[in-house]
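If you're matching them up, the sequences are chains A and B in order. Quick note: to get my numbering, add 558 to the position in the first sequence (first position is 1). Quick note: to get my numbering, add 858 to the position in the second sequence (first position is 1). Read the structure below first, then the notes.
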Amino acid sequence: MESTTHHVVPTRNYVTIFLILMVLTATTVAVTFVDLGPLNLIIALAIAVTKATLVVLFFMHVKYSSALTKLFIISALIMCGILVLLTGADYISRNWLPQPEQWEANQ
Amino acid sequence: MSSATQIPPGALPEGAQQGHHEAHHPNLLHHFNSMEQQFEASHMGMWLFLLTEIMFFGGALGAYTIYRAMYPAAFEDTSRYMDIYLGTLNTAVLIGSSLTMALAVRAAQVGSRSGTVNMLIATIILGTAFLVVKGFEYHHKWVEHHVPGPNFIYEGPFARQAEMLFCFYFALTGLHAVHMVIGVVLLSWLLYKARQGAYSPAYYTPIEMSGLYWHFVDLVWIFLFPLLYLIGPNSLVVGGGH
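Right under this line is the structure:
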């Protein structure tokens, strides 16, 4: 199992990642000032996911971590996905079936 | 570990031997075979904790998703009251603090005590700056009657629904801020120990683990920023936060 103990990342790499993150931040703010309708949200989330991936891989050393670490993270994201997906499905499917109005006494 | 405690005669069963053990790094706990294994275990444990945090914030963001889907117009309308410039500044400050934190871990890895100390100080300063800016924003919200509750006043359509966004704003950024405060306290403790020379290339686990925690807090903000500050298309007219 490869460990992070011995992997020293050069300072230059960290600074490069930081600069890329700054560029992405500036981009996401700039895009807000342009009305692209539903695309605004999609672009904002895409940029956020990219920034998050960079932080996880390089600042948190996951790129140099064991496969087990990567598996942990992916499984957490899947669990989160299930949470959001099924909760959303619950809400979206409300009022799909007719609601009973009132009781009627048996004759 | 290597203390010579006197055991009273008769306390040990017949034939028992008081064993010595091989010399090892003073920070190695006895239930681990090696420093390597101990580090891996700490690493795994920290990630496990971060996964629970992902579920924690994931649930909160899931709730946000539902309400934003239900009231898109109201949520978009609130973006004119978010100070996008302070939000961007805070994002830059926090990502900068992640950089200094990564550099602190690196300094410990190469055995630079001054580097570790300086980078930890830088991270603490940047983290505190973030919290100060947040404090200003909260104050603005209070003054403008945008804190949900009996004093909430909203100029715009769908006031009740907009109030939901402000509920999420304070809940999410509040939780995030609590995590930051905990992080700053942790880093202050690390700074104290680092100045005493407690860390070295052979043992810098606490710094690495705190680094993971700090980066995670940054990750949360990376998602909170667009979801709370950049909801609607903004105009260049600065109306937010003032």
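Ideal placement from N, C-alpha and C gives every residue a C-beta, glycine not left out.
Nearest in C-alpha terms to Ala899 of chain B, of all of B:Phe1083, B:Pro1064 and B:Leu1082, is B:Pro1064.
With fewer than three CB-CB distances shorter than 8 Å, the segment 1066-1078 of chain B does not count as touching the segment 926-935 of chain B. His1037 of chain B counts as buried, since no fewer than 16 other beta carbons sit within 10 angstroms of its beta carbon. For Gly1090 of chain B, same chain residues with a beta-carbon under 6 Å away, outside a window of 5 residues either side, are Glu934 and Ser937 in chain order. If the five residues before and after Leu1086 of chain B are omitted, its C-beta is found closer than 6 Å to the C-beta atoms of Tyr1027, all from its own chain and listed in chain order.
Under DSSP, Ser1058 of chain B forms a beta bridge with B:Tyr1061. Contact annotation for Thr574 of chain A against chain B: no contact, minimum CB-CB distance about 10 Å [criterion: below 8 Å].
C-alpha of Leu644 of chain A to C-alpha of Ser956 of chain B: approximately 33 Å in a straight line.
Residue environment analysis places Phe616 of chain A among the buried positions, since at least 16 neighbouring C-beta atoms fall within 10 angstroms of its C-beta.
Burial check for Ser972 of chain B: the Cβ neighbour count within 10 Å stays below 16, so the residue is exposed. For Ala918 of chain B, not one C-beta of chain A is nearer than 8 Å to its own C-beta. Non-local C-beta neighbours of Tyr1061 of chain B in its own chain, meaning closer than 8 Å and more than five positions away in sequence, comprise His883, Asn885 and Met893, ordered along the chain.
The alpha-carbon separation between Thr1031 of chain B and Glu659 of chain A amounts to approximately 42 Å.
Burial check for Arg652 of chain A: the Cβ neighbour count within 10 Å stays below 16, so the residue is exposed.
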